[in-house]
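For the sequence shown, the residue numbers in mature numbering (1 follows the signal peptide of the UniProt record, and there is no 0) are -19 to -1, 1 to 132. Beta carbons are placed, not taken as given, at the ideal position from N, Cα and C, and that holds for glycine.
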Amino acid sequence: MKIRILTLACVSTAAALLAACTAVYKNSDACEQLMRSKLAQTSSDTLKIRHTGAGIDGSRVVVEGSIEHVMTASEAAAARAASAVGTGTGAASEARAAAHAQAPGSDKPKKVIQAAAAECTFHGPVLGTFSWLAPARLAAPSGQDENEADE
């Protein structure tokens, strides 16, 4: 009788641990897919995932990767014109970087690569929140965050 109880306890413990592990993978995959769909809503750039990290029981997931943007000829010309002005602001430094990415005599359009990261929080298998951590154009603060900063 003791052997049956011990066997049953071991099997149920293994099943519980396995269920917790699958939640981590499901939440990680869900966050990655949500990150891809949110980027697809705003641009046609390519997202490449490098790393997915999950917290305890998959309640918090951070997905890291890069966004590749192929510069068109008009974007390259605008970037060169902006870099010629040389205002010294953050936007101008981005324009300078883009201008260097597109060399004047090159045939192929150059790729601009930006770091990207997103965070998802889950309550069990249900998504609680999604937020971009990078790049800055996607990680704009929400209205609630602005109100908290004012206080």
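Nearest-angstrom Cβ-Cβ length linking residue i and residue j, presumed shorter than 8 Å
| i | j | result |
| --- | --- | --- |
| Leu28 | Ala117 | Not quite, the Cβ-Cβ distance comes to about 16 Å (not below 8 Å), so this is no contact. |
| Gly33 | Ser18 | Here residue 33 is Thr; the residue named in the question, Gly, does not match the sequence. The Cβ separation is near 16 Å, so there is no contact. |
| Ala99 | Cys(-10) | So it is not a contact: roughly 39 Å between Cβ atoms. |
is_contact[residue i, chain C] using C-beta, thresh 7 Å
| i | result |
| --- | --- |
| Glu45 | Considering every chain present, this structure includes no chain C. It has just one protein chain. |
Proximity of residue i and residue j at Cβ, strictly below 7 Å
| i | j | result |
| --- | --- | --- |
| Val44 | Ala35 | no |
| Ile30 | Gln95 | no |
| Asp15 | Phe103 | It should be noted that the sequence gives Leu, not Asp, for residue 15. Taking 7 Å as the Cβ cut-off, Leu15 and Phe103 do not qualify as a contacting pair. |
| Leu114 | Ala120 | yes |
| Gly46 | Val5 | no |
| Met52 | Val107 | no |
Top-ranked residue by Cα proximity to residue i, from the options
| i | options | result |
| --- | --- | --- |
| Ser55 | Lys91, Gly39, Ser24 | Lys91 |
| residue 141 | Asp10, His50, Lys7, Ile37 | Residue 141 falls outside the range modelled here, since the chain spans only -19 to 132, and no answer is possible. |
First through last residue of the beta strand (DSSP E) which encompasses residue i
| i | result |
| --- | --- |
| Leu108 | 107 to 115 |
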